[in-house]
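Student: The following block contains the structure, expressed as structure tokens.
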Amino acid sequence: MTEQALSLTVPVEGMTCASCVSHVENALKEVPGVSDVAVNLATGKASMRFDPGRANLSDIQRAVDDVGYHVPLAELTLDVRGLTCASCVDHVEGALKELRGVEEAVVNLGLGTARVRYIPGVVTVGQMKRAVREVGYEAQERSAGADALDRERQAREEEIRRQGRNLMVAGAIGMLVMLGTFYDMAGPLQRWIPVWLSYKWVLGLLTTPIVLGPGRQFFVNSWRGLRHGVTDMNLLYATGIGAAYGIAVINTLFPSAGFGGEGATFFESAALLTAFIVLGRWLEALTRGRTSEAIRKLMKLQPKIARVLRGDTEEEIPAEEVEVGDVVLVRPGESIPVDGTVRDGYSAVDESMLTGESLPVEKKAGDAVIGGTLNRTGAFRFVATRVGKETALAQIIKLVEDAQASKAPIQKLADWVAGHFILGVHMLAIAVFVFWFFFGYRLFFDPQSSFILSPYRLGEIGVFGFSLLLSVTVLVISCPCAVGLATPSAMMAGAGKGAEHGVLFKGAEAIENASKLRTIVFDKTGTLTRGEPSVTDIVPVAGASPKADDELLHLAAATEKNSEHPLGEAIVRAAHGRGLAVPDPLSFNSIPGQGVEARVDGRSVLLGNRRLMSEHALEFSAHLSHAERLEAEGKTVMFVAVDGAPAGLIAVADTLKEHSLEAIRQLHRLGLEVAMITGDNRRTAEAIGRQVEIDRVLAEVLPQDKAEQVRQLQSQGKKVAMVGDGVNDAPALAQADVGMAIGSGTDVAKETGHVILIKDDVRDVVVALEVAKATMRKVKQNLFWAFVYNTLGIPLGAGLLYPFLRLIVSPELAAAMMALSSVSVTLNTLLLKRFVPSMHRRSPTSGARTPWPDRQPVKAAAGE
Amino acid sequence: MEHDIVDTDVARRSARMYVPLSLGAGLAFYLAATFVGGNGLVARLGGATWVTLLSFIVSMPIVTSRVKTRARK
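Residue numbers (the working numbering), protein chains in the order written: chain A, 1 to 864; chain B, 1001 to 1073.
This is how it looks when you write it as structure tokens:
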């Protein structure tokens, strides 16, 4: 793979099970130049990296088609303005065809249109319009609403409709076949059933359209796969339906052929088997889309229209055509179309949909606004700074989509099992057939025996018919579709649930790892603390009084006014906070490593550490105990001398964020060890550690050594998460099993780490862990039920109970159980939608559902 | 393209292996059912057909993917 390798995600149609996933993956891996292939059954997408120099999209499409699946193409028509001649046609067609993902572009000069066939997700409509504009023409989308979201919805609705039609046919006719089959046992109901319905040839005539109509898809799909050396669920269904139908036809047409005669036609098996399989497909199509609701909610946030100022006039244009630098107008109640910076106006904006922040955020000139959020009260104008794929919303959608498309380690195992399952099941079907043919029938067969949940007696069925019946049941009951759905459906729901709360998982692996964590390491500065020192204590030599405090602070602030040192800035902020005047110093001199000296209001001021004072022979011994007490609390003490005499102490410290303690207590309740890592000296670090009840303090760690500390914790066998600033702590975040970048805001694409916490709120660490744990709980529940179903179903289907109870599972009951298993797995996943992280649960008396009623943007706590 | 030529060749070479294998399995079943006795001709033929079909389904993908892997190398 060369350095030009690109990431690509293409939709894949026709996948129904985990074995389909491995077939598509294997097919794509065989294409030269393609690597890192991950196929997701639930999203119906294949992600990969490919080298454009060695492979093209056609190779990828062909590889998918070859194994019986399909990369669907979308089509749209652009109205192109400015076309005047044949060369214009060439230009526009050429510009469109150059875009990766455009398969065909046909420009019609007379109509002024360009019809484009393209792979959705690889190229966007906006890119096409831009390409046309760049060669000198104007393009407008003709079919409004044909965006990715609508297409995805349309495709899903089409599948629901298709399987719904199949179900109507198979279900309705299947009921007639069942009535006819059980005519003899209908008792008083017999008078309502015409006798001819029980004729075998009528049952055959009724079953045929079911097998050739709704059942046809299974034969076609399995043959396509077989031709290319792959097997999938369709093959199980096709052999099951085909065998039941074939034997029924033979026994009807040639009753004396020895296959069990008219008493063993089993048309109802073929009919109801098809009906139940189709029912399963229909229910799956209905429920599967719901697991990706979160991403649809995000997509729906994307505004369609923007009102921009062009010259002096206001123009309404599609939001995707807003360009960087455009001035955009927003009125109350309108959505903000793209990201930008407020130029003028004032309003409150609801950003809850992206950040989880429940209170509207005030916006004034200079503040950033995020596309997709809702303007509440005022009107304002802003300058677009990020458009198209660069907007925060687009980045979040991409991140969530990528996470949903990725594969967790647990899923890889489940897919491998399911992928190899089908062949194993066919081998088992041969073994079951051979056993019952040569041994079982002779030893155990009883003509009075029957199917489970059926009054139908097996009667005169012969050795072949009986063995075949059990063999077919094994094929049908073994379908591992629930196994294939178990993990991806839960991962999709989990990634979406995280996004709802401003927690973005970068992949399914991050979710799985986050659920296994034992130790959480917090970076101190900026994560647990505000990251900005504040003045905490003022101790004048003259004695404690507000006036003496203010005088000392006034002199110290003026001395530090020109300083760029964070401690000096804290003193200046504190003075401003108290409304004190901070004049410019008459002179200023910085003494490296010691402090500063200045002349303020005609007085000579020295401000710095002990060494500075001792070098100037200033005696602070009366105040040293006070200074030591403050230092023991983790504060930095600065000594102030005025006109050659001690004037007082000023203590500065980095203060805790308001929710740090609450979050750490909750992590303890979850049974996790909490550590803090900092470059501060041990005394300061331990003082902070005590305040937030940290279990382990890693002090005096240089920034470049943080990753090493994380590695040491991992070497003790712990799964470690590192929570910190996504930029400064990048190596440690990368080293950790789960790196959580906190307070990244909405520029999520730049962040390192496996989990991104949009808000600057430590409690979201708890949210991330709880969502991950809830998701993995669902994955395990789903896998458990899926495997339990197969583990119990296969022996039952193979006739294990028959020697003792004289009961066997009919193929149609096997199909019903199969349908139930995959639907139950999906429904179980949907329960995750009701999950609320503990930090967001409110007491019944508080009313509001959202968790952040008292939070304000973090500001310098000057003067506290 | 090179891809298509390889696929056709793979399909042919695979078929030369899995077809005899499946037919062999069916024949073995037929002979065993005859040897054991007590099974009618139709049951034996039906059983042999079912075993052939399932063997075909089992062997076809295994053989094809192995031959394909070798051809790609």
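Just so it is clear, CB atoms sit at the ideal spot from N, CA and C, and this is done for glycine as well.
As the structure is a prediction and not an experimental result, all values here were calculated from the model.
Using 7 Å as the limit for Cβ to Cβ distance, is L1023 of chain B near chain A?
Tutor: Working through the second sequence from its first residue, we reach residue 1023 of chain B at position 23. Closer than 7 Å: no.
Student: List the residues of chain B that T239 of chain A touches, going by C-beta distances under 9 Å, in chain order.
Tutor: As a first step, residue 239 of chain A is located in the first sequence; it is residue number 239 there, counting from the start. What T239 of chain A touches in chain B: L1053, L1054, I1057.
Student: Residues of chain A with CB closer than 7 Å to the CB of V1019 of chain B, please, in chain order.
Tutor: Locating residue 1019 of chain B in the second sequence gives position 19, counting from the first residue. Neighbours of V1019 of chain B on chain A: none; closest Cβ ~13 Å, over 7 Å.
Student: Note down the Cα distance separating A275 of chain A from D764 of chain A, rounded to an integer number of angstroms.
Tutor: In the first sequence, residue 275 of chain A corresponds to position 275, counting from 1. In the first sequence, residue 764 of chain A corresponds to position 764, counting from 1. Taking the straight line joining both Cα atoms gives about 47 Å.
Student: Work out the CA separation of L649 of chain A and P409 of chain A for me, nearest whole Å.
Tutor: Taking the first sequence and counting its residues from 1, the one referred to as residue 409 of chain A is at position 409. Taking the first sequence and counting its residues from 1, the one referred to as residue 649 of chain A is at position 649. Computed Cα separation, rounded: 57 Å.
Student: Smallest Cα separation from E103 of chain A: which of A:A74, A:A244, A:L807?
Tutor: One-based indexing of the first sequence puts residue 103 of chain A at position 103. The candidate whose alpha carbon is nearest that of E103 of chain A is A:A74.
Student: Could you spell out where the beta strand (DSSP E) holding L757 of chain A opens and where it closes?
Tutor: To locate residue 757 of chain A, count along the first sequence from 1; it is residue 757. Segment 755 to 757, the beta strand (DSSP E) holding L757 of chain A.
Student: Under the criterion of a Cβ to heavy atom distance below 6 Å, does V483 of chain A qualify as lining the ligand FMN?
Tutor: Absence of the ligand FMN from the depicted structure is noted, as is the absence of any ligand whatsoever, leaving it without description.
Student: List, in chain order, every chain B residue whose beta-carbon is nearer than 7 Å to that of H426 of chain A.
Tutor: Indexing the first sequence from 1 puts residue 426 of chain A at position 426. Residues of chain B passing the Cβ test: L1054, I1057, V1058.
Student: Excluding five sequence neighbours on each side, which residues of the same chain lie with their C-beta closer than 6 Å to the C-beta of E268 of chain A?
Tutor: Translated into the one-based positions of the first sequence, residue 268 of chain A becomes position 268. Cβ within range, chain order: V177, M178, T181.
Student: Does A1043 of chain B come within less than 7 Å of chain A when only Cβ atoms are used?
Tutor: Taking the first residue of the second sequence as 1, we reach residue 1043 of chain B at position 43. Output row for A1043 of chain B: interface = yes.
Student: What does DSSP give as the partner residue(s) for D350 of chain A in the beta ladder?
Tutor: Looking up residue 350 of chain A in the first sequence gives position 350. Paired residues: A:L374.
Student: Flag this pair as yes or no: are the beta carbons of I742 of chain A and T527 of chain A separated by less than 7 Å?
Tutor: Along the first sequence, read from residue 1 onward, the residue named residue 742 of chain A stands at position 742. Along the first sequence, read from residue 1 onward, the residue named residue 527 of chain A stands at position 527. In this structure, T527 of chain A lies closer than 7 Å to I742 of chain A by Cβ.
Student: Is there a C-beta anywhere in chain A that falls below 7 Å from the one on G1026 of chain B?
Tutor: Stepping through the second sequence from its first residue, residue 1026 of chain B is reached at position 26. Chain A, which has no Cβ nearer than 7 Å to the Cβ of G1026 of chain B, makes this no.
Student: With a threshold of 16 other CB atoms inside 10 Å of the CB of F620 of chain A, please say whether the residue is buried or exposed.
Tutor: Here the question's residue 620 of chain A lines up with position 620 in the first sequence. F620 of chain A is buried by the Cβ-count criterion.
Student: Compare the C-alpha of L41 of chain A against each of A:P583, A:R310, A:A490, A:D549 and name the closest.
Tutor: Here residue 41 of chain A refers to the residue found at position 41 of the first sequence. The candidate whose alpha carbon is nearest that of L41 of chain A is A:A490.
Student: How far does the alpha helix (DSSP H) with G689 of chain A in it extend, from its first residue to its last?
Tutor: For this step, residue 689 of chain A is matched to residue 689 along the first sequence. First-last of the alpha helix (DSSP H) with G689 of chain A: 682 to 691.
Student: Please list the partners that G1037 of chain B has in chain A, where partner means a Cβ-to-Cβ separation under 7 Å.
Tutor: For the purposes of this step, residue 1037 of chain B is taken as residue 37 along the second sequence, with counting starting at 1. What G1037 of chain B touches in chain A: nothing, since even the nearest Cβ is about 11 Å away.
Student: What's the gap between the Cα of R133 of chain A and the Cα of R100 of chain A?
Tutor: Here residue 133 of chain A refers to the residue found at position 133 of the first sequence. Here residue 100 of chain A refers to the residue found at position 100 of the first sequence. Answer to the nearest angstrom: the Cα atoms are 17 Å apart.
Student: With 7 Å as the threshold, decide whether the Cβ of V21 of chain A is near any Cβ in chain E.
Tutor: Protein chains in the displayed structure are A and B, and chain E is not among them.
Student: Residues of chain B with CB under 9 Å from I60 of chain A, in chain order?
Tutor: On the first sequence, position 60 is the one that residue 60 of chain A refers to. None at all; the shortest Cβ gap to chain B is about 12 Å.
Student: Kindly confirm or deny that the segment 646 to 666 of chain A and the segment 489 to 503 of chain A touch, where touching means at least three C-beta pairs closer than 8 Å.
Tutor: no
Student: Measure the C-alpha to C-alpha separation of H1025 of chain B and V1051 of chain B and round it to an integer number of angstroms.
Tutor: Against the second sequence, residue 1025 of chain B aligns to sequence position 25. Against the second sequence, residue 1051 of chain B aligns to sequence position 51. Per the sequence shown, the amino acid found at residue 1025 of chain B is Ala instead of His. Each residue's Cα considered, the two are about 7 Å apart.
Student: Ordered along the chain, which non-local residues of its own chain (more than five positions away) have a Cβ less than 7 Å from that of F380 of chain A?
Tutor: Here residue 380 of chain A refers to the residue found at position 380 of the first sequence. V330, V342, D344, G345, Y346, S347, K363, listed in sequence order.
Student: Figure out for me which residue from A:S515, A:A557, A:E509, A:I571 has the closest Cα to the Cα of T867 of chain A.
Tutor: Lying outside 1 to 864, the shown extent of chain A, residue 867 of chain A is not represented and no answer is given.
Student: At a cut of 8 Å, does the segment 384 to 391 of chain A reach the segment 318 to 326 of chain A through at least three beta carbon pairs?
Tutor: yes
Student: Do we get a CB-CB distance below 7 Å when we pair F421 of chain A with the residues of chain B?
Tutor: For the purposes of this step, residue 421 of chain A is taken as the residue at position 421 of the first sequence. Judged by the 7 Å Cβ criterion, F421 of chain A is not in contact with chain B.
Student: Is V417 of chain A close to chain B, meaning its C-beta is less than 7 Å from at least one C-beta of that chain?
Tutor: As a working note, residue 417 of chain A is residue 417 in the first sequence. No, no contact with chain B.
Student: Do A699 of chain A and E711 of chain A have their beta-carbon atoms positioned less than 7 Å apart in this structure?
Tutor: Stepping through the first sequence from its first residue, residue 711 of chain A is reached at position 711. Stepping through the first sequence from its first residue, residue 699 of chain A is reached at position 699. Note on identity: in this sequence residue 711 of chain A is Arg, with Glu being the wrong assignment. Their beta carbons are not under 7 Å apart, which means R711 of chain A does not touch A699 of chain A by this criterion.
Student: Using only alpha-carbon positions, find the residue among B:V1042, B:S1014, B:R1012, B:T1064 that is nearest to F254 of chain A.
Tutor: On the first sequence, position 254 is the one that residue 254 of chain A refers to. Of B:V1042, B:S1014, B:R1012, B:T1064, the residue nearest in Cα terms is B:V1042.
Student: Contact criterion: CB-CB distance below 7 Å. Does I430 of chain A meet it with respect to chain B?
Tutor: For the purposes of this step, residue 430 of chain A is taken as residue 430 along the first sequence, with counting starting at 1. Yes - at least one Cβ of chain B is within 7 Å of the one on I430 of chain A.
Student: Nearest-angstrom Cα distance between D1004 of chain B and R216 of chain A?
Tutor: Residue mapping note: residue 1004 of chain B aligns to position 4 of the second sequence, counting from 1. Residue mapping note: residue 216 of chain A aligns to position 216 of the first sequence, counting from 1. Only weak support is given to the placement of D1004 of chain B: the predicted model assigns it a pLDDT of 47, under 50, and the value that follows is read from those uncertain coordinates. Going by the C-alpha atoms only, they are around 28 Å apart.
Student: Are the CB atoms of V755 of chain A and F885 of chain A within a distance shorter than 7 Å?
Tutor: Residue 885 of chain A lies beyond the stretch modelled for chain A, which goes from 1 to 864, so this question has no answer here.
Student: From the DSSP output, in three-state form, read off G595 of chain A for me.
Tutor: Here residue 595 of chain A is taken as the residue at index 595 of the first sequence, counted from 1. G595 of chain A: strand per DSSP, three-state reduction.
Student: Going by the DSSP bridge assignment, what does L441 of chain A pair with across the sheet?
Tutor: Against the first sequence, residue 441 of chain A aligns to sequence position 441. Before going on, a small fix: residue 441 of chain A reads as Tyr here, not Leu. Y441 of chain A is not bridged to any residue.
Student: Looking at chain B, which residues of the segment 461 to 478 of chain A have a Cβ within less than 8 Å of any of its Cβ atoms?
Tutor: Those residues of the segment 461 to 478 of chain A that come within reach of chain B (Cβ to Cβ, closer than 8 Å) are G462, V463, F464, S467, L468, S471.
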